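Residue numbers (our numbering): 76 to 628. The beta-carbon is built from N, C-alpha and C at its ideal position, and this holds for glycine as well. Remember, it's a predicted structure, so these values are computed and weren't measured experimentally. Below: one structure, written as structure tokens.
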Amino acid sequence: MNSKYTKAPNNIRSLLQSYAIKTEDGLEFSKENVPEEVSLLYKELEDASFLINKIAISDYKRVRDLFVSIDKKLTVFVGDNGYGKTTILEALFIVLSWFRANVQKEDKSGFHIKDGDINNHNDVTYAAITAQFKLKKITSTILVTRVKDGVSQKRNNELLSIKEMASFFRVVNSYHEDVSLPVLAYYSVSRSSNGAGIDNKRNINNSVRRWTKLDAYEDIEFDRRDFGEFLNWFIFINNKASSEESLIPKQEREKLVTDISRLQGSLDVLKSFNDVDRRTIIDIENQIANKLLILNALPSTPNVEGLSRSKDIVTNVKKAIINFLPEISSVDLQYTKNEVRLVLVKNDLLLDAQQLSQGEKTILTLVGDLTRRLVLLNPKLNNPLQGKGIVLIDEVDLHLHPSWQQSIIEKLQYTFPNVQFIITTHSPQIVSTVPSKCLRILEEIKNPATGGKELRVLLPSSQTKGTKNSYALLYGMKTDPIPNVKEVAWLSTYKKFIENRLQDSDEAIMLRKKLDKHYGEDHPLLLECDGIIRVLKLKDKVRGESGNKESKQ
């Protein structure tokens, strides 16, 4: 063999290049004859995390010019409606689609920028999205761009680097089917619609099919209608687990065969003698017949490759759902003659999944789909929920009660600890659970040179995790926690009267009547005012008594 093949290099980029040289030279490999470089790549990818470091957006939709750094574990975008939170996720979705496509197939196309998505300012001729990814010590940059229709200017996408990064996984997967692939998913607001249900039942004859690992890459943007795909898969994996439990262990089957063979041998020997008691022969024949009946009644052993994981997978899926839905104590599939449906026990009451609240359905669809993808993409992991990847979630607070909003981030990171989450929200309850280093505040500022407004990313001025909602609003979302309504102005004016000891003035008394009518006399805000009045009166009394003593002296 040529000397250039004698030693495999020791970094993943060189490993891929060495493998490419061998294949270009006509060397043939197979799953039974795996090249050394691929085996080394396989080991390198076992503990590798595919992450996004940063993204820059130029004139894509309404975002003119924006640069954002991305935290390796969690990034949460906040900002007013229309500032571009969803646009950032859509831009990330576009660049991720090129990685996904090239894991599936060499030089497969990802998504492009549409002409209608280029900013419509008169001075704009093109849109561009640039992102940087990281895999171990290797960084990869991708540029997806498009010139407006009718503009003569030319710009080209820059895709070679991201295609190379995707090829690490594609090449290894072609030889080692148990290699883990990074999960990629985008959960847009379409994952839930008010008043809509979830497709929670299946005809029993249509619920069996096969899934491959790359099925998890088919539709990385999740739509609420895709819940049926999770249900199909869950029925399939649950059926496998049930089949596994019904199988008699291999050693017991082999014991039956051995016993029958031994008894048959004894019977043959006894029959060769003329003076053997006929009852002994009949007894042995009955033993053989009984064991044959048991053996023949057993189902033939199916192809159970990976079957031993099925029960654990079902358990992990159920645990994940129950962890996110605190009032749910169990999750099961209910089989009837013609249908299979998903049912849950909520506060000791058996419910069809269709009967859950909208918030519960939203969580169920997200957790169910993400779990399915991780299981498919991590065939070797004992707990596939430990798999890695990048997940985008728009409006993570969608339809959730405030108490659930306060726990959703922690539950996502606990249940899927190795996923890089990039999320948007409008909720101060969520902001108060996010470290300030993970928050990105979108805010429009005035450009002093042009006089126009520009979108910028700001970081909170102080820590936000573990703060009150009012603090999270003010410092994490740049929003005054006190609404700008007339009743607030009344209350503020009344407090000023109190501070100046004018609460008994005619104007203050009239204002207090308006406040009593609006808030109610026993409202905490008015009781607070009464408390301040009592304290001030007590202070004035103490000062008065002190002054009287001094004057007498």
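To the nearest angstrom, report how far apart alanine 176 and glutamate 329 are at their CA atoms. 47 Å
Based on the DSSP secondary-structure assignment, which residues constitute the bridge partners of lysine 421? Ile403, Leu424
Below 8 Å on the Cβ atoms is my contact criterion, and I expect isoleucine 498 with valine 471 to pass it. Report the Cβ-Cβ distance as a whole number of Å. 5 Å
How big is the Cα-Cα spacing for aspartate 190 and serine 105? 44 Å
Ignore the nearest five residues each way along the sequence and tell me which others in threonine 376's own chain have a CB closer than 6 Å to its CB. In this prediction, threonine 376 has a pLDDT of 48, which is less than 50 and means its spatial position is unreliable; nothing more can be read from the coordinates.
Excluding the 5 residues preceding and the 5 following arginine 230 in the sequence, name in chain order all residues of the same chain whose CB lies nearer than 8 Å to its CB. Tyr201, Ala203, Thr220, Arg221, Val222
Tell me the DSSP secondary structure of asparagine 37 in three-state form. The structure shown does not extend to residue 37, since the chain spans only 76 to 628, so no value can be given for it.
Using a Cβ-Cβ cut-off of 7 Å (strictly less than) and excluding sequence neighbours within five positions of leucine 417, which residues of its own chain qualify? Asn275, Leu306, Leu408, Ala428
Assuming glycine 443 is part of the alpha helix (DSSP H), what are its boundary residues? 433–452
What residue range does the beta strand (DSSP E) around phenylalanine 142 cover? 138–144
Using DSSP bridges, identify the partner residues of glutamine 495. Ile465
Which ranges does the beta strand (DSSP E) cover as unbroken runs of at least 3 residues, wholly within the region 599–623, from first to last along the chain? none
Coarse secondary structure for valine 226, derived from DSSP in three states: coil
Between valine 254 and leucine 120, which are expected to be in contact by the criterion C-beta below 8 Å, what is the C-beta distance as a whole number of angstroms? 6 Å
CB contact check: proline 535 to chain B, cutoff 8 Å: Protein chain content of the structure displayed is limited to a single chain, and chain B is not contained in it.
What does a CB cutoff of less than 6 Å around phenylalanine 244 pick up in its chain, not counting 5 residues either side in sequence? Val178, Leu256
Where valine 494 falls, given that 16 or more other Cβ within 10 Å makes a residue buried: buried
Would you call the CB atoms of leucine 115 and valine 246 closer than 8 Å? no
Identify whether glutamate 329 lies in helix, strand or coil by the three-state DSSP scheme. helix
Selected residue, minimal CA-CA separation from phenylalanine 168, among Ile130, Glu574, Lys212, Tyr158: Ile130
Cutoff 8 Å; reference lysine 528; Cβ partners in own chain excluding five residues on either side: Glu519, Ile520, Lys521, Asn522
Burial state of arginine 618 (16 or more Cβ within 10 Å): exposed
Buried or exposed for proline 599, going by 16 or more other Cβ atoms inside 10 Å? exposed
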